[in-house]
Every structure is written in C-alpha cells, then in structure tokens.
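Line order of the protein sequences matches chains A, B and C.
If you use the numbering used here, the first sequence corresponds to residues 1 to 692, in order.
If you use the numbering used here, the second sequence corresponds to residues 693 to 917, in order.
If you use the numbering used here, the third sequence corresponds to residues 918 to 1214, in order.
No residue lacks a Cβ here, since even glycine has one placed at the ideal position from N, Cα and C.
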Amino acid sequence: MTKNPSYDHTIIPPCQAECPLHMDIREYVDLIAQGRVMEALQIIREGNPFPSICAYVCTHPCEDACRRGQVDNPIAIRALKKFAVKFGGDKMIRLEAETTHDEKVAIVGSGPAGLAAAYYLRKLGYPVSIFEAHSELGGMLRVGIPEYRLPREVLDIEVQRLIQMGAEIRTNSPVTSLNLLFDMKYKAIFVTVGAHQGLRLGIEGEESAGVVDGATFLREVNLGLKPPVGNRVGIVGGGNVAIDAARTSLRLGSREVKILYRRSREEMPADPNEIEQAIEEGVEILFLMAPIKIQSVNGQLDITCIRMEQEEPDASGRRRPAPVPGSEFHITLDDLITAIGQAPQVPKDFRLRIGRGSTIRVDPLTLTTNQKGIFAGGDAVTGPASVIQALATGKLAASRIDDYLRHRYPAISKEKRASMGDLLPRTIEMIRKFNRYEPPIRPSQERVKEFMPVELVYDWEGAVNEAKRCLHCGIGAEILSRDNCAACLTCLRICPYLAPFLDDRGEIQIAEDQCIACGICVTECPANAIAFRKPQEQRRVDEELEHVIESAAKSKSKPLIIGFCCQYGLYGTGALAGLWRETKAGIWIVPVLCIAKVESRHIVNAFKAGAEGVFIAGCDQQQCPRENTAFWTLQRMERSKKMLAQIGIEPERVQAFNLHASDKNLAEALDRFTQKIGELCLVSAFKKEMKK
Amino acid sequence: MIVAEQKSMEEIYRICSPYEKILILGCGTCVTVCDAGGEKEVSIIHSVLDAAQARTGDKPHIFSEYTVKRQCDIEFLEALKDKAGEIDAILSLGCGIGVQSLAEVFPDIPILPGVNTAFMGASREWGVWDERCVACGDCRLVDTGGICPITRCAKGILNGPCAGAKGGKCEANKEMDCAWVLIYQHLVHLGHLERMRQYYPPRNFHTILRPRRLIIKTEINPGGK
Amino acid sequence: MAKSLFEEKLNSGKFIVTTEVGPQKGTDTSEMVHQINLLKDKVDAINITDHQSSVMRFPSLGGCLLVAELCGEPILQMTTRDRNRLALQADLLFAYSRGIKNVLCLTGDSIEVGDHKEAKSVFDLDSVQLIRMIRTMESGKDIAGGCLKGNVEFCIGATAHPSADFIEPQLIKFDKKVESGAQFIQTQGIFDLDALSRFMQYAHQFNVKILAGIILLASDRMATYMNNNVPGITVPPNIIEELACVEKDKGLKKGIEIAVRLIKTIKEENLCHGVHIMAVGREKLVPEILEEAGIMT
Ligand SMILES: Cc1cc2nc3c(=O)[nH]c(=O)nc-3n(C[C@H](O)[C@H](O)[C@H](O)COP(=O)(O)OP(=O)(O)OC[C@H]3O[C@@H](n4cnc5c(N)ncnc54)[C@H](O)[C@@H]3O)c2cc1C
Ligand code: SF4
C-alpha cells in the first residue's frame, strides 16, 4: 500500500491559462504569502522577460479570470508582482547570453513584442539587431504610456539588460525595405512596427489647429516636446489612450479636462481603476455624447456635440449608440484630442500582405507572413492590444524563428486550457471573505502636479495579506490511491467546502474545481489515500521537521523545543524569526504552510527526536483564510497529547498558540511555555534519579 | 462495519515489551474507517512507540509498519510471509477476527492485539460511532420499525419499553435514546403500531450457539447416484 | 378458589394496601424480621424487592420465605435481569412449593445503575414473557414443553408507569401485560393524580386491579436525587418545592404529609383499587402513614 511519489496532477488554474505568457502565478503568489519574495521573483522571471514592466502596466487578464472574483474580488496579481519585483531585488539581476548560432536576426520595431523576441532569441543563442525608428527603445512603452504609470527608469533597466545580453541596438533607424536587411545578411526578420496611426473621427473641421490624435499627443509629451495645451481640453474616446491623454493634460496644466464618450460607463473599455483615478484627479467624463462638427473660432474650438442613446442589444449583446435627433449642443474648448484607436502603418516597400484595419496578415501559429523568412507580430498584426500580448508574441516569434533557422518543423503545441469549473454557490458561501488589499496610491491633489508614479508598492504586510487570499486552484486534494481508499467518507464529512462527493457509481471523488487545498482531508484520511495534486505540498512538513531535527542535533541546545509554525501571514513575514529570537530557550521552528498540515505523527516524532516540548502556532481561526483549520489541528493535538500521556509524556509539553484566539503577546506566552518545559524537565530528571 | 478502539499506548507498549522486532500491522478495511487501525494510525502508533522507547532508554525494539487490505482473509496475509522470518511479534491493529487469522497463518509468531474490537455499527458523524447490530441471528427489524431493540435497548427486551426512560433517554445511558420510544414513534409514523402490540415470545438463543459457523454451500455427492 | 389470600382480597373489592421491604446486604435478617412483624397485619401483602436498583442483596425469595414464616402475605418480586429462563422457572417452582403464591413480574433496573456495573445482564426474558411463562407453567408444562410434576399457580402482578413522559408505548406494554395474565398492577411512584386519573380512564377497560405507587420522600434533596438517578421516577417540581419550603429537619414530616394526602385523595375519590407504599428504608413509618390516612385493615 505505497504510493508513487513522482506524480504531479496539478491542474493549470484560470489565471495561468488566461495569461498570454502562462506564468505560474499561483506559485509566485503563494511564495509571496510565505514571504519568500526572492523565490517569487525567480518564478516570475522564468515566465516573463520583463516582469518589472508588466508589474506596472499589465492589463492583467489573469485577474479577470481569477476565481476569487466569484467570492469577493480577484487577487491583485499585478500589484503583487510589483511587490516581488521591488522587494525581490529585480534591479540587481544581471543577465547574460552566449551566441551559439551564426544566423543573424533583425527585429524591426522595439516595442514589447520586438524586445521580447530579442530577449528570447538571445537566449537561444542568435545574434540579434533591433532597428528602431525613434531615438529610444520601447515602442509604446516609451512613446505611448505616460510616465506616471511606467517610470522610464524601469524600462531603461530592462533595455540595459537586453544590451548586456548582447542585443545590437540601432535607434534612429527606420527600416524602409526588408530586402535591404536580407542584403545585410540577416537570415530572418521579425516585423513589430506597432499601431501608431491615430484613427480619424471623420467629421467636419478635424483639420483645425488644436485638434490632435491621442497617440501623437502622448508621443510628443513622452519625447519631451512639451506640446502646448490650453486650459480646456476635450478628449474623444473611452479607452486607455483617452484616459492617459486626459490625465496627461491635467499634469501639463489644463484646468478643465472632459472626456466625451459615446457609450455609457459600463461599456467603457478603459481599466475601471484608471477611470476611477482619473475622476479623482478631476477629469470629467461625459457619457453618451459625440462630437459632430468642429469649428475654429478666434483660436478656440467650438464643438458641436450630440447626445446618444443606446439601442436594444443586438445579437452579439452589444448595444449600439445612436444619435438623438435634435439634441445638439455646443461646447467651447482650447484643444481636442481624438483617441478612438490606432492602426499600424506598414511601409509599402515591406510588401507584406495587409488585412483588416491595415494589420499585417500572418499565420497565427507560426507568425509567418507572405514572405519567406519574415515574421510579424504585436500591435502591427493584432491592432492595438496589450503589452502582455505583445510579449507573448515576441516569445512565440523567437521560437518560430528558431524552428525556421534550424529547419525544424514547428512543434505546435495545442495550448493547454484549464477546464476548471466555476465555484458553486455553496462553496462560495463557505469560503471566508477577505476583501482585496489594494496597494497604496498617492493622493490625487499631489499626483496631478507631476509625472511621478500614482500607484505605490505594497508594504510587506499588505502583500502577504493579499497573497494569502489565493484559493490555490488546481493543486487541491485528490484521491491518489484508490487501492488504499476504504471509502470511509471521512473526507466527505469533514470538508468545509463539500468538495468530496460520491459519483453515480458510488465512488468517492473530490471535485477539483471546488477544492481550495486546505488539506484537512489529506491529513485526516485514515487510509493515506488522499494527497495534494502537487506532491511537494505534501512532503514539506516531514522534510522540514527532519531538517530541524538534524540541525538541532548538531547544536545540542537544551532543552529542545520544536514549534510548528504557520508560514503565512503573521509568521510568514519574518516575524517568526523575531519571535524565537526573543525567547530564551533553544526553540526550533518547523515552518509549515498552514498548521492544518501538521499531523499527530509530526508532533509525536518531535518527541521521538528528543524534543522536550512541542508547540503549534498559526493564524487564529479568524485570520486563517481557510475554514476550520484550527479546529482540526487542535483535534489532532489533543489526540497526540492523550497518546503521549499514556507513555508518560506530560500533556503540558504540547501547546497551541494563537489557535483558539489570538494571543496578544506571543513572545511572552512562549516564554512561559519554555519556562514550564524547563520545570518539567527538572521534575522528570529528579524522578529518574529517585528510581535509580 | 466493525468498530474498534485503540488500546491505550501504555498497554500496547507493555504487551510489546518482551519482543525485539515487532511489525505493526494495519488493516485497510473496517478499522481504517473507524480511525483505529488504518495506515495512518499505524504510522502514529509507530511514532508513539518509538518516542516511548526513546525516552525510557529501554532495550531497543525495532518497529516496522505495514498495512494489508484485510487481515481477516488469509490470502491478504500472504504478502507478509517473506517478512515473517525477521519479526518476533506482530502488533495487529485489526479487529479480533484479524488477530485470529494472523495467529492461524503465523503459528510461530505471537500476535498482539492493538485494538479493542467494540461493536458493529455505523458512523453518526465524523468521530462518533453507534452500535447497530449484535448479530443475534434472528432478525426482527421488520416488526420494530427498522430499529433494533436487541442492540439499542440496554436490556434487549422485545415487548415494549421498561419503565426506566426519562425524556426519551435510556435509563442505562442518558446519552442514548430509549430504543422503544424510537420504535414507537417510527411505527406510528409508518402506521404500523399493531406490530408493537403483538406479543413477542422469548428469543431463540439457539441460533447463536457459539462458536457459530455459517454454511451456504451444499454438499454435492460425486457420481450421480 | 383463589390462588392466594392476596388474590382473594383483590377480588373482595376492598381498598388494597401493599408495601415493600428491601432485604439487607448480608445474612443478618433481624431488621427485616422486625419490619415484617411491624407491617404484616397492617397491609394486605408485603413485596420483597429483588436486588432493587441492581444492588446485590439477600434474595427476594429468601425474604418472602421469612414473610411466610412470620405469617404474612408475601409478594415475590422477580426480575429477569439476573436469571435466565431455567433459573426463573426453578425459583418459581421452589416458591410455590413453599407457599409463596404472589409474584410481581418485572424486567428489572439495568445493571448500569447498580453496584455491580461490570456484571453481565441476562434479560433472557422480559416482563411480559415472564408472565406468559408462569401461565404456561400453570398449564402443567415448562416453556420448553416439558411436563411438570405437581401444581403451579400464581397470582401475578406487574408494573405500569402512569406518569411516563412517553405514555403511549407504556400503555401498549400495559395491554400486553394484562393480556398475558397480570391480575394486579403496582405502579411506579405517583405524585401527579391527574396522570393517575388519565391512566385509570384507560385501565378501567381491563379486568385488572391497579395499586398506585406511593413513595415516601424525606427531603427535596432526596427527590432531586431520585430524579437524577432512579430509573423511571420523576418527582414533579411542585412537590420538590413543597419539600424545599419547610425547615431542614421537617422534610420527612412534610414527606409523610404528602404521602398521606395522596393516599387519602386516592381512596376518597376512588381513583383506583388501592395503594402500594414504598417507604425506601423508612418502613417503620408505614403504620403511621396508614393511620393518618385513615386506613385500617
Ligand atoms: C497610450 C497608451 C497606453 C497604453 N497602456 C497600456 C497599458 O497600460 N497596458 C498594456 O498592456 N498595454 C497598453 N497599451 C498598449 C501597448 O502599449 C501596446 O499594445 C504594445 O506596446 C504593442 O507592442 P508592439 O511591440 O506590438 O508595438 P509598439 O509598442 O507600438 O512598438 C512598435 C515600435 O516600432 C517602431 N517602428 C514602427 N515602424 C518602424 C519602422 N519602419 N522601422 C523601425 N521601427 C519602427 C515604433 O517606433 C515603435 O517603437 C497602451 C497603448 C497606448 C498607446
Ligand atoms: S429505557 Fe428504553 S432502551 Fe433503556 S432499557 Fe428501558 S426500554 Fe430499553
């Protein structure tokens, strides 16, 4: 009746599935919850070439998919990443790459897609040159996204690392012909020219002075050209560019900034948080409104607007806005910024096939264009999208170019999608509600004055508390050994979330999409038939205990006291170390990921190894994000106390801290405990003498 | 399901003490279900025994552990045969049936019972078991609304309640419901109170003449005489 | 012809009075003899208890022989707790042969409440089956069908519990006892006369004599103790209060007063056919109670 420990039945959680880079978010969030930030950063770096950039501007599709959102609100994944990047010391990381191939690759455009392709091609050992029309690298990261959202220092560091890796940079080098590049002995080309051409409103007077498109406006600001803006600025559009343009105008000194959007707030594609912040800063948003005519009068703009109304939803569920006849009105502005979208502008001489919205047509799986050796990706292919999508195509492009240059048939893997169902209402009911801890942001009055970052980084406690909220989708319990299972139904009876159920053949199953990996059944299963889908979750306590016992044996500290301490929350943030430094005796800590994983056996084994006292400390029942964990831990503790008493080990030698209710002064309580153990040791030594 | 309870560690340690190499043997069926002798309990007891000898500094025993699917069927015990040479005693966490099967299969090895076999019963909720059947060999549940008075009435009486119940609880154990009150209520519910009015003659204890043996196979004479 | 003197009295229509004497632990019967002598002419019959509350004592059968020797009318209390059907039949044969002809058939308190908690309880039969068994023996056969040499005849009694909180199953059992052949019923202690009346409305349809059980209480503490520890006995709160109201050493007096009041009312209102007084160790007070209740035999 033994199990094979080399299994891994982990299911990809929705966050990871939705992330274009498929980052192991669950893992790094968990590491943050334990306060292991450097390791978290390592995981992040494995999946993302430029994590610091994503930490600031990612559109986080992961958060939209996060199942915690069904309970209260999704985990603040992006903000946690920012925390890991900062506290993990991302700045210090140096990267190197070796050139192992002769074939040179040219990358046209240095937006995130281009930079990512360069990064991965360098890692694969190709000589890479990046051609950029502008004077600096970064594409929209440099010329689009305002500085208050992405400090340029962050971008510079990533670019610097890429240079360290040996990428050749050619700025101020607009590419006009791809054949020229082939002539320069480049064997493959990746075209990532982005989408920078602002779309036109198509109304009368659009050519008037004072009317500019959003992308151009932001580019000018970002290139330090300081475009003049008047006091009254209007922005047309509802996306992130519109919001960025509005907030940038404020920062340039405009007094009145109005956004005109033809639909209602629900339809607004911009990030809700950004909208919120813009309003806080004083941006006014006029919904269901569109300009229909612009007239330049004495250096001012007279805008004729019309009210819109929403039609009944069409087949796709989208409500189309329609003008309300006769509802025209006028507003007077100094400047009008149009931000209704951008299109790529691909030089004709590239001779690439162009499709809808002026985008380059490629094969989505191989990124190949109509020309041999030329690949394309990013906004130039998709139209305006996101940084993370651009990074993902960059990564894909690198491996496809590698395939091409190595004359390999591209190994196209079908994307693995998680099939995790939604949480059931009864599961949601049982999951403890903890609202999302938002990272701090700077007050609005302060932030409109300059281009300093708006959102700050979590402090240690905030990050840990936020990370603790993760539901650990896909690494929960499963009945690993059907052979062991005695169908005792213990799991079914004790699971707080009712995840185990009997299927129609009468076999016990654990619903993987309802289990949130609290581990109670794993520990309680009398047949050892249940295990975590991720085996390392399981072995941790045993390994840590063994480790502690070994080190304690070397140190010979007396009396030996072993404490099983939860590494999350209160204990995870380093407070643990402080706790035992404050106490006098030789206390050795076995870090555990939630005390619910401590078994009776562990407690007993500590005594077997010579411990004079054992304690368990963790979050109290109110703080623990999982239900009933303290209850079950105490059950087991009482059980082991009883058995230990029967072999002459006083029950007072086992104690729980914080589990019943939070112990106000833990260090003090721990001191009393160690004192008590000291006394018990004396008594038993005395008794031994007497016997002799 | 057979329900058993672990013996105290003190007793277990004591009965183990004469032997050096002891195999702690779990059973994967009933005693696993009642948290008395499954694989997990085996490892806990193993740990406790190790801890006990670590502290007393006695002549060291060597404990090992193993769990079979069912101790009561000797075929499952085959797997132990290669281990048998290296052990001096087996601490069985199986029920009394398991202990006896082991004794039969390993006549040279002392078998030490690690649990007290308690009763046949059902789990009420996690960690609580109730006795439900005494294997009387003469089932009368048809007349008692599916509630066994022989098991669940402290006196096992058949013709209605004694006069001892208070508040529906049994005179012998205030924690337990009076079986006859339950039977009455359930028969009323089923509309079968006449079953309780019937006279029940004394039980036929001949059916449980010990030791019992149940035979369902028919003797077939070879050759078609 | 009546089977016993007691049966004759039962059928005479007079108000019946019985009481009980509990044997001592040990062989010194002097106390018992004293009590029997005190009571034998004041009551119609004396019950001798059978290891009451499952506490081991001198046997009921022995006590009954004493009563007979002292020219009283004994009622043999017989529980099924300690003897299987062989032993029960044997004891009955012996009792009859020595002139003990009244038997009260009981299931008996559970071993759990007594002083030999580790003993094996027998309960081979229950009280209803015991009654039937006696009736079978009277027909000349033991219950295994074997022929009996010589006569057996008993006036059979049983118990009932008129104030049980679940009364219906008790009534069903009562039916069965009467159907099986019980001629008289000595009830559990009665404090609530309404419950007795309700019970009697039911019991009147049967040809059986009902003797209401009267318990002599000595204090509120004793009453509470009985509520918590003695199977089947429930002293209602108003009685406990009544006892609690009096001064410390007047409890017993109050208890007597309550018993007298109950007996008087039962007799005057003709609630049932008689009373069975359980003095619980204060047997010497029974004559006083009877006198005060105005009962002379
Ligand atoms: C104002 C604004 C805010 C945004 N905010 C966010 C956000 O918060 N989060 C998010 O995820 N996304 C955001 N986006 C979208 C995101 O920036 C883009 O989707 C992403 O940058 C696209 O990357 P890319 O590499 O395809 O193209 P780009 O980043 O557009 O890069 C293309 C580069 O190619 C260069 N180029 C063009 N033609 C040539 C040529 N012929 N020769 C050489 N170089 C050439 C351009 O100069 C440019 O540097 C925002 C976009 C804008 C405009
Ligand atoms: S109280 Fe009920 S269950 Fe208990 S012995 Fe009496 S009849 Fe049986």
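If the criterion is Cβ atoms closer than 8 Å, does the pair residue i and residue j meet it?
{"i": "Asp1137 (chain C)", "j": "Gly1098 (chain C)", "result": "no"}
{"i": "Ile963 (chain C)", "j": "Gly989 (chain C)", "result": "yes"}
{"i": "Glu134 (chain A)", "j": "Arg142 (chain A)", "result": "Correcting the residue type first, residue 134 (chain A) is His in the shown sequence and not Glu. In contact: His134 (chain A) and Arg142 (chain A) (Cβ atoms closer than 8 Å)."}
{"i": "Gly205 (chain A)", "j": "Ile294 (chain A)", "result": "yes"}
{"i": "Leu1047 (chain C)", "j": "Cys1022 (chain C)", "result": "yes"}
{"i": "Arg318 (chain A)", "j": "Met289 (chain A)", "result": "no"}
{"i": "Val697 (chain A)", "j": "Ile32 (chain A)", "result": "One cannot answer for residue 697 (chain A) here, as it falls past the ends of chain A, which runs 1 to 692."}
{"i": "Met693 (chain B)", "j": "Ala810 (chain B)", "result": "no"}
{"i": "Ile508 (chain A)", "j": "Cys491 (chain A)", "result": "yes"}
{"i": "Leu993 (chain C)", "j": "Asn954 (chain C)", "result": "no"}
{"i": "Ala270 (chain A)", "j": "Ile243 (chain A)", "result": "yes"}
Would residue i count as contacting chain B if we go by Cβ distances under 8 Å?
{"i": "Thr573 (chain A)", "result": "Annotation note: pLDDT 43 at Thr573 (chain A) (below 50); position unreliable, coordinate value reported separately. Taking Cβ atoms only, chain B never reaches closer than 8 Å to Thr573 (chain A), which makes this a no."}
{"i": "Ala531 (chain A)", "result": "no"}
{"i": "Ala486 (chain A)", "result": "yes"}
{"i": "Met1 (chain A)", "result": "Legend: pLDDT at Met1 (chain A) = 39, less than 50; position of this residue unreliable, no value from coordinates given."}
{"i": "Lys1126 (chain C)", "result": "no"}
{"i": "Ala1081 (chain C)", "result": "yes"}
{"i": "Ile163 (chain A)", "result": "no"}
{"i": "His1190 (chain C)", "result": "no"}
{"i": "Leu1003 (chain C)", "result": "no"}
{"i": "Val604 (chain A)", "result": "yes"}
{"i": "Lys608 (chain A)", "result": "yes"}
{"i": "Thr490 (chain A)", "result": "yes"}
{"i": "Ser1056 (chain C)", "result": "no"}
Check each candidate in the options and name the one with the smallest Cα separation from residue i.
{"i": "Ile130 (chain A)", "options": "A:Ala113, A:Glu63, A:Glu276, A:Asn298", "result": "A:Ala113"}
{"i": "Arg36 (chain A)", "options": "A:Phe87, A:Leu150, A:Ala55", "result": "A:Phe87"}
{"i": "Phe657 (chain A)", "options": "A:Phe615, A:Gln623, A:Lys687", "result": "A:Phe615"}
{"i": "Asp999 (chain C)", "options": "C:Glu1200, C:Asp967, C:Ser1014, C:Phe1011", "result": "C:Asp967"}
{"i": "Tyr568 (chain A)", "options": "A:Arg469, A:Leu670, A:Pro51", "result": "A:Arg469"}
{"i": "Met643 (chain A)", "options": "B:Pro903, B:Ile737, B:Glu911", "result": "B:Ile737"}
{"i": "Val1197 (chain C)", "options": "C:Thr936, C:Leu1160, C:Lys1034", "result": "C:Thr936"}
{"i": "Cys925 (chain B)", "options": "B:Gly806, B:Leu794, B:Asn913", "result": "With chain B represented from 693 up to 917, any question about residue 925 (chain B) goes unanswered, as that position is not in the structure."}
{"i": "Glu429 (chain A)", "options": "A:Tyr497, A:Ala188, A:Ala477, A:Val381", "result": "A:Tyr497"}
{"i": "Cys787 (chain B)", "options": "B:Trp818, B:Glu770, B:Arg762, B:Ile900", "result": "B:Arg762"}
{"i": "Ile401 (chain A)", "options": "A:Tyr186, A:Gly234, A:Ile145", "result": "A:Tyr186"}
{"i": "Ala117 (chain A)", "options": "A:Val159, A:Ala527, A:Ile77, A:Val236", "result": "A:Val159"}
Quick check on residue i - is its C-beta less than 8 Å from some C-beta in chain A?
{"i": "Asp742 (chain B)", "result": "yes"}
{"i": "Tyr705 (chain B)", "result": "yes"}
Distance cutoff 8 Å, beta carbons only. Does residue i sit that close to anything in chain C?
{"i": "Leu717 (chain B)", "result": "no"}
{"i": "Arg844 (chain B)", "result": "no"}
{"i": "Tyr876 (chain B)", "result": "yes"}
{"i": "Val725 (chain B)", "result": "no"}
{"i": "Arg889 (chain B)", "result": "yes"}
Checking contacts by CB at 8 Å: is residue i closer than that to chain D?
{"i": "Ile849 (chain B)", "result": "Annotation note: the requested chain D is absent from the structure, which comprises protein chains A, B and C."}
Which partner residues does residue i have in the DSSP bridge list?
{"i": "Trp694 (chain A)", "result": "Residue 694 (chain A) cannot be examined here, being either before or after the span of chain A that is shown, 1 to 692."}
{"i": "Ala376 (chain A)", "result": "A:Val191"}
{"i": "Pro284 (chain A)", "result": "Inspection of the sequence shows that residue 284 (chain A) is occupied by Glu rather than by Pro. According to DSSP, which records beta bridges pairwise, Glu284 (chain A) is partnered with A:Lys258."}
{"i": "Met308 (chain A)", "result": "A:Pro323"}
May I ask you to verify whether the segment 16-27 of chain A touches the segment 382-391 of chain A, counting CB pairs closer than 8 Å and requiring at least 3?
-> yes
If you pair each beta-carbon of the segment 595-602 of chain A with each one of the segment 632-640 of chain A, do three or more pairs fall below 8 Å?
-> In short, these stretches touch, since the Cβ pair count reaches three.
Looking at C-beta atoms only, is the number of pairs between the segment 1184-1201 of chain C and the segment 1117-1129 of chain C that lie closer than 8 Å three or more?
-> yes
Touching by the beta-carbon criterion (3+ pairs, under 8 Å), the segment 1057-1067 of chain C and the segment 1092-1108 of chain C | no
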